[in-house]
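Scroll down for the structure; my scribbles are underneath it.
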Amino acid sequence: MAENATPPHIPDRLDVLVVGAGFSGLYSLHRLREMGRKVHVIEAAGDVGGVWYWNRYPGARCDIESVDYCYSFSDELVQEWNWTERYPAQPEILRYINHVAEKFDLRRDITFDTMVTALTFDDESGTWTAETDRGDRVTANHVIMASGQLSVAKLPEIPGLGEFAGDWYHTGNWPHEGVDFGGRRVGVIGTGSSGMQSIPQIARQAAHLTVFQRTPHFAVPARNRPLDPAYVADLKTRFEEYREFARNHPGGTHRVFGKESALDVDPGTLRATFEKHWNHGGPDIQAAFRDLTVDREANEKAADFVRSKIREIVQDPRVAELLSPRGYPFGTKRLVLEIDYFTTFNRDNVELVDTLSTPIERVTPAGVRTSDREYELDALVFATGFDAMTGALLKIDIRGVGGVTLREKWAAGPRTYLGLSTAGFPNLFFIAGPGSPSVLSNVLVSIEQHVEWVTDYLEYMRKNGLVRSEAIPEKEDAWVEHVNEVANATLYPIANSWYLGANVPGKPRVFMPYVGGVGRYRQICDEVAANGYEGFRTT
8 MAENATPPHI PDRLDVLVVG AGFSGLYSLH RLREMGRKVH VIEAAGDVGG VWYWNRYPGA
68 RCDIESVDYC YSFSDELVQE WNWTERYPAQ PEILRYINHV AEKFDLRRDI TFDTMVTALT
128 FDDESGTWTA ETDRGDRVTA NHVIMASGQL SVAKLPEIPG LGEFAGDWYH TGNWPHEGVD
188 FGGRRVGVIG TGSSGMQSIP QIARQAAHLT VFQRTPHFAV PARNRPLDPA YVADLKTRFE
248 EYREFARNHP GGTHRVFGKE SALDVDPGTL RATFEKHWNH GGPDIQAAFR DLTVDREANE
308 KAADFVRSKI REIVQDPRVA ELLSPRGYPF GTKRLVLEID YFTTFNRDNV ELVDTLSTPI
368 ERVTPAGVRT SDREYELDAL VFATGFDAMT GALLKIDIRG VGGVTLREKW AAGPRTYLGL
428 STAGFPNLFF IAGPGSPSVL SNVLVSIEQH VEWVTDYLEY MRKNGLVRSE AIPEKEDAWV
488 EHVNEVANAT LYPIANSWYL GANVPGKPRV FMPYVGGVGR YRQICDEVAA NGYEGFRTT
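Quick note on the numbering used here: the sequence shown kicks off at 8 and runs consecutively.
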């Protein structure tokens with residue numbers, strides 16, 4: 008079905024309703040259909056793709072290598088698809104997702120351009136009723152929330168945006184036709200992943216680019232390159248073995264962890280090890296030594312190294328210092344893989360504004376005013392991220408047993424059992440949700456594990472004549488405690504990151520992903536299943 012074509016009719020009654028048609032939703036649909044379940048997907052966007060449908064900003068690229076950032080459930084799919092780059096760009100990822108949708112004929116069971124606005128559980132019948140912004144009412148025995156971790160764009164709380172006379176854009180909701188910044192004065196607010204990816208691209212077009220930075224982020228080179236066809240061909244001969252290693256790896260990848268402490272090696276060895284990772288590119292520098300994520304002194308060795316590289320690259324010492332992160336540990340905010348980011352600040356048409364020392368006061372008709380001066384702009388780009396992990400779930404009015412809303416249940420932060428389910432909301436499942444490895448892992452490996460676990464559970468219920476499943480509150484409490492305990496044993500909670508919801512005013516500060524690792528998490532989930540889905544009350 009072409010984008011914006013007439014959507015298929017949503018059946019009034021379903022075995023399983025899936026919300027979202029990104030990687031999670033497409034695999035859920037495929038697997039449930041193979042199991043003979045009556046399943047349908049509702050998607051707010053005009054086509055498949057999830058985060059990659061919306062994030063079309065210049066420079067958008069994945070920070071997981073392409074040969075890892077893909078499905079593994081179909082060997083035929085693995086064999087026929089050829090990635091072209093080490094780190095895939097948004098257009099190639101979207102082509103891949105479209106290829107999957109076409110190959111498995113998934114669009115016939117997806118309704119696009121339709122938003123689920125409410126989900127209500129009926130205790131008597133044990134079913135969910137979904138309502139959409141098109142007026143649909145759908146009853147389903149089970150609901151799978153495949154609504155994504157980074158799908159609700161977050162605009163900053165800056166007064167005056169409605170007064171701006173120019174054009175403004177958010178990286179997470181980019182115009183599909185693209186934007187021409189040629190000859191224009193452009194301001195970018197935000198220097199996380201999307202900012203650091205888009206800034207070099209915009210700088211090449213714009214007459215002048217002003218970058219408004221509140222907090223500098225650590226970044227290491229991507230060293231992106233075309234993939235060697237011989238390497239790809241060889242990998243395809245052993246892909247299942249390659250993926251099985253990732254499924255049991257802490258990050259869902261093939262990262263090799265250093266065995267030494269950064270505090271025990273001599274300065275020459277320390278520098279040489281970091282240099283090797285820097286020159287190779289990619290995020291594995293975080294694992295160069297065994298203690299970088301748990302020991303502040305060891306971590307500071309890596310932070311010092313990255314700051315030294317910034318000073319080497321950026322010609323103006325004052326700008327280099329402003330771009331050098333301080334005050335939080337290296338890698339505890341999403342580590343950005345940069346392509347030409349730091350060199351961009353050597354361009355004559357690029358200006359860096361430190362909004363920590365000169366805060367933004369408001370957007371004006373002519374541009375942006377800080378405490379220091381007004382910057383006249385023709386266009387504004389907000390690279391201010393997302394209401395991550397919970398935003399898409401809480402955007403829907405979800406009401407469980409007794410009419411309690413999910414927003415009420417999660418008022419102090421998300422509470423789940425295994426990141427899959429939450430007590431008081433029977434037959435409702437989250438894919439790669441809070442309390443699971445999710446965004447701290449190769450999310451494709453985590454998505455496949457979750458979808459397979461949930462659909463296997465639904466099949467177990469059907470074969471055993473069971474119709475209702477609900478997380479046991481005590482087991483949920485224990486899991487939340489475990490997630491917090493594991494996180495607190497690391498440096499992650501120190502940083503005010505979106506992992507904690509720190510980018511959203513008023514959002515509870517709770518470390519949302521599970522830091523225990525993909526392999527350990529998979530083992531726990533497998534044990535729960537082997538013990539008759541222990542921790543769930545199933546009737």
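Where a beta carbon is used, it is the ideal one built from N, C-alpha and C, also for glycine.
Run through the DSSP bridge pairs and tell me what residue i is partnered with.
| i | result |
| --- | --- |
| residue 150 | 24, 435 |
| residue 233 | 92 |
| residue 300 | Answer by DSSP bridge pairing: none, since residue 300 is not bridged. |
| residue 144 | 138 |
| residue 383 | 374 |
What are the boundary residues of the alpha helix (DSSP H) that includes residue i?
| i | result |
| --- | --- |
| residue 378 | Unbroken run through residue 378: none, as it is neither H nor E. |
| residue 100 | 97 to 110 |
| residue 176 | Note, residue 176: premise wrong, no alpha helix (DSSP H); beta strand (DSSP E) at 174 to 177. |
| residue 123 | Taken as a continuous stretch (DSSP letters only), residue 123 belongs to no alpha helix (DSSP H), being part of the beta strand (DSSP E) at 123 to 129. |
| residue 400 | 398 to 401 |
| residue 319 | 303 to 320 |
| residue 87 | 82 to 87 |
| residue 341 | Residue 341 -> no alpha helix (DSSP H), and no H or E assigned at all. |
| residue 113 | Note, residue 113: premise wrong, no alpha helix (DSSP H); not H, not E. |
| residue 531 | 525 to 537 |
| residue 278 | 274 to 287 |
| residue 406 | No alpha helix (DSSP H) contains residue 406, which is instead part of the beta strand (DSSP E) from 404 to 406. |
| residue 329 | 324 to 329 |
| residue 521 | No alpha helix (DSSP H) holds residue 521; DSSP gives it neither H nor E. |
| residue 499 | Element bounds for residue 499: n/a, residue is neither H nor E. |
| residue 349 | 348 to 351 |
Please return the same chain residues whose Cβ sits closer than 7 Å to the Cβ of residue i, not counting the five positions on each side in sequence.
| i | result |
| --- | --- |
| residue 9 | Because the pLDDT of residue 9 is 45, which lies under 50, any placement of that residue in the model is unreliable, and the question is left without a value. |
| residue 522 | 447, 493, 494, 497, 499 |
| residue 93 | 72, 73, 231, 232, 234 |
| residue 89 | 239 |
| residue 243 | 85, 86 |
| residue 20 | 146 |
| residue 477 | 430, 433, 543, 544 |
| residue 191 | 213, 214, 385, 386 |
| residue 17 | 47, 49, 118, 143, 145 |
| residue 458 | 31, 34, 35, 38, 438 |
By Cβ distance below 6 Å, which residues in the same chain neighbour residue i in space, the five residues on each side in sequence not counted?
| i | result |
| --- | --- |
| residue 11 | With a pLDDT of only 47 at residue 11, under 50, the local geometry of the prediction cannot be trusted, and the value read off the model is given with reservation. Cβ within range, chain order: 53. |
| residue 101 | 56, 59 |
| residue 175 | 387 |
| residue 398 | 159 |
| residue 313 | 225 |
| residue 262 | 291, 294 |
| residue 358 | 217 |
| residue 479 | 542, 544 |
| residue 338 | 293 |
I'd like the span of the beta strand (DSSP E) that includes residue i, first residue to last.
| i | result |
| --- | --- |
| residue 135 | 134 to 139 |
| residue 388 | 386 to 389 |
| residue 544 | 543 to 545 |
| residue 361 | 357 to 361 |
| residue 369 | 367 to 370 |
Could you name the residues of the same chain whose beta carbon sits closer than 8 Å to that of residue i, not counting the 5 residues immediately before and after it, in chain order?
| i | result |
| --- | --- |
| residue 149 | 22, 23, 24, 135, 434, 435, 436, 465 |
| residue 164 | 512 |
| residue 40 | 46, 116 |
Q. Going along the chain, which unbroken runs of the alpha helix (DSSP H) with 4 or more residues stay wholly within the stretch 187 to 271?
A. Here the runs fully enclosed are 200 to 212, 236 to 243, 246 to 254.
Q. For the 8 Å Cβ check, are there 3 or more pairs between the stretch 238 to 252 and the stretch 353 to 373?
A. The stretch 238 to 252 and the stretch 353 to 373 do not touch, with fewer than 3 CB-CB distances between them shorter than 8 Å.
Q: Evaluate the contact criterion for the stretch 341 to 357 versus the stretch 143 to 155: three or more CB pairs, one atom per stretch, below 8 Å.
A: Between the stretch 341 to 357 and the stretch 143 to 155 there are fewer than three C-beta pairs closer than 8 Å, too few to call the two in contact.
Q. If you pair each beta-carbon of the stretch 430 to 442 with each one of the stretch 45 to 65, do three or more pairs fall below 8 Å?
A. These segments do not touch.
**Q.** Three CB pairs or more closer than 8 Å across the stretch 420 to 427 and the stretch 194 to 209
**A.** With the cut-off at 8 Å, the stretch 420 to 427 and the stretch 194 to 209 do not touch.
Q | Every unbroken alpha helix (DSSP H) inside the stretch 23 to 78 [4 residues or more] | A | Segments of the alpha helix (DSSP H) lying fully in the stretch 23 to 78: 30 to 41, 58 to 61.
Q. Are the stretch 106 to 116 and the stretch 17 to 36 touching, with three or more C-beta to C-beta distances below 8 Å?
A. Per the Cβ contact rule, the stretch 106 to 116 is in contact with the stretch 17 to 36 (3 or more Cβ pairs under 8 Å).
Q) Does the stretch 372 to 385 come close enough to the stretch 168 to 176 to have 3 or more Cβ pairs within less than 8 Å? A) Taking one beta carbon from each stretch, the stretch 372 to 385 and the stretch 168 to 176 have 3 or more pairs nearer than 8 Å; the two touch.
(Q) I'd like the ranges of any alpha helix (DSSP H) spanning at least 4 consecutive residues and lying wholly in the stretch 408 to 490. (A) Correct list: 413 to 416, 450 to 470.
Q.
If contact is defined by three or more beta carbon pairs under 8 Å, each pair taking one atom from either stretch, is the stretch 212 to 224 in contact with the stretch 83 to 92?
A. The stretch 83 to 92, when compared against the stretch 212 to 224, does not touch it at the 8 Å Cβ threshold.
Q) How about the stretch 319 to 335 and the stretch 293 to 302: do they share at least three Cβ pairs that are nearer than 8 Å? A) As far as the Cβ criterion goes, the stretch 319 to 335 does not touch the stretch 293 to 302, which means the pair count is below three.
(Q) For the pair the stretch 108 to 127 and the stretch 37 to 50, tell me if three or more CB-CB distances fall below 8 Å. (A) Touching, per the Cβ criterion.
(Q) Is it the case that the stretch 353 to 362 contacts the stretch 336 to 344, given that we only count it when at least three CB pairs across the two stretches are under 8 Å? (A) The stretch 336 to 344, when compared against the stretch 353 to 362, does not touch it at the 8 Å Cβ threshold.
Q: Could you tell me whether the stretch 182 to 200 touches the stretch 453 to 470, using the rule of 3 or more Cβ pairs below 8 Å?
A: Judged by Cβ distances under 8 Å, the stretch 182 to 200 makes no contact with the stretch 453 to 470, as fewer than three pairs qualify.
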